[in-house]
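Straight run, no breaks: the sequence shown in my numbering ends on number 209. For reference, the structure is listed below as structure tokens.
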Amino acid sequence: MAKRLFFVTTNDHKFEEVRLMLEKHDIELLQSKIPIVEKKYDSEKEVSISKALAAVKQLNAPLIVEDTGIYFEEYNNFPGPNAHVVFSGIGFEGILRLLENKKRGAFFRTTIAYCKPGQMPVTFTGVCKGEIAEQVSDVINFDYDALFIPEGETRTFSEMSKQEKEQYSHRKKAVEEFLRWYNEQKL
Numbered sequence: 023m024a025k026r027l028f029f030v031t032t033n034d035h036k037f038e039e040v041r042l043m044l045e046k047h048d049i050e051l052l053q054s055k056i057p058i059v060e061k062k063y064d065s066e067k068e069v070s071i072s073k074a075l076a077a078v079k080q081l082n083a084p085l086i087v088e089d090t091g092i093y094f095e096e097y098n099n100f101p102g103p104n105a106h107v108v109f110s111g112i113g114f115e116g117i118l119r120l121l122e123n124k125k126r127g128a129f130f131r132t133t134i135a136y137c138k139p140g141q142m143p144v145t146f147t148g149v150c151k152g153e154i155a156e157q158v159s160d161v162i163n164f165d166y167d168a169l170f171i172p173e174g175e176t177r178t179f180s181e182m183s184k185q186e187k188e189q190y191s192h193r194k195k196a197v198e199e200f201l202r203w204y205n206e207q208k209l
């Protein structure tokens, strides 16, 4: 019998990506789009813990939440967990101007928080290192994917197939860390 777990997210793409990974481990993932106020913190871990605690109060069931940020080597802890807000404000061209003649190293970091009613969340992190491209890819799908080139690659995430991108996926790494822990817990 499959174990049931909620993933609290309004992002259908993220849900489907994680659902496919968990179903291979006999975990039935259910999406919940309950409204969660996402407080501003300095790290994805803090954001994820806050979201998990708020969500478990509403759902009263085992669940996961996640938060992802991107970090530019040139700018300490920026944009971090506020990546979407920054992108919405300055877009591709603003990011390219920000990094003009600067170090282009960058990394994505995803933190997943698992929480059961009456317990504190447990967090799991995945990182993908790389750099910001000199120009925006012709293929555009998600905010930073048209700019981010993972380490060891010459193409941006948006130029890769779903399977190619998954090899480098920061979210996949966080899910794998969660699964190792979850299976050890025999929940």
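Virtual Cβ for every residue (Gly too), placed ideally from N, Cα, C. Keep in mind that this is a model prediction, so the values were computed, not measured.
Per DSSP, the bridge partner or partners of residue i
i       : result
Ile-49  : Lys-25
Thr-145 : Ala-135
Val-30  : Ser-54
Gly-152 : Ala-128 and Pro-172
Pro-101 : Tyr-93
Simplified DSSP state of residue i, which is helix, strand or coil
i       : result
Asp-160 : coil
Tyr-63  : coil
Glu-122 : coil
Leu-85  : strand
Ile-56  : coil
Ala-128 : strand
Gly-113 : helix
Phe-94  : strand
Gln-207 : helix
Gln-189 : coil
Met-182 : coil
Arg-41  : helix
Cβ-based burial, residue i [other Cβ within 10 Å; buried from 16]
i       : result
Pro-143 : buried
Arg-193 : buried
Glu-115 : exposed
Pro-57  : exposed
Glu-88  : buried
Glu-50  : exposed
Lys-18  : The structure shown does not extend to residue 18, since the chain is modelled only from 23 through 209, so no value can be given for it.
Val-42  : According to the sequence displayed, residue 42 carries Leu and not Val. That one is exposed.
Glu-156 : exposed
Ile-117 : buried
Lys-131 : Reading off the sequence, residue 131 comes out as Arg, not Lys. By the 10 Å Cβ count, Arg-131 comes out buried.
Glu-66  : buried
Ser-187 : Note that residue 187 is Lys in the sequence shown, not Ser. When all chains shown are included, Lys-187 counts as buried.
Cβ-heavy atom distance, residue i to the ligand MG, below 8 Å
i      : result
Leu-27 : Although the ligand MG was asked about, the structure shown includes no ligands whatsoever.
Distance between beta carbons of residue j and residue i, contact taken as under 8 Å
i       : j       : result
Ala-135 : Thr-147 : Not quite, the Cβ-Cβ distance comes to about 10 Å (not below 8 Å), so this is no contact.
Ala-77  : Leu-85  : 6 Å
Gly-152 : Ala-128 : 6 Å
Ala-83  : Pro-139 : 7 Å
Ile-167 : Thr-176 : With the sequence shown as reference, residue 167 is identified as Asp, and Ile is not the correct amino acid for it. No, Asp-167 and Thr-176 are not in contact; Cβ-Cβ is about 15 Å, not under 8 Å.
Thr-32  : Lys-55  : 5 Å
Ser-180 : Asn-163 : 5 Å
Tyr-190 : Cys-150 : 5 Å
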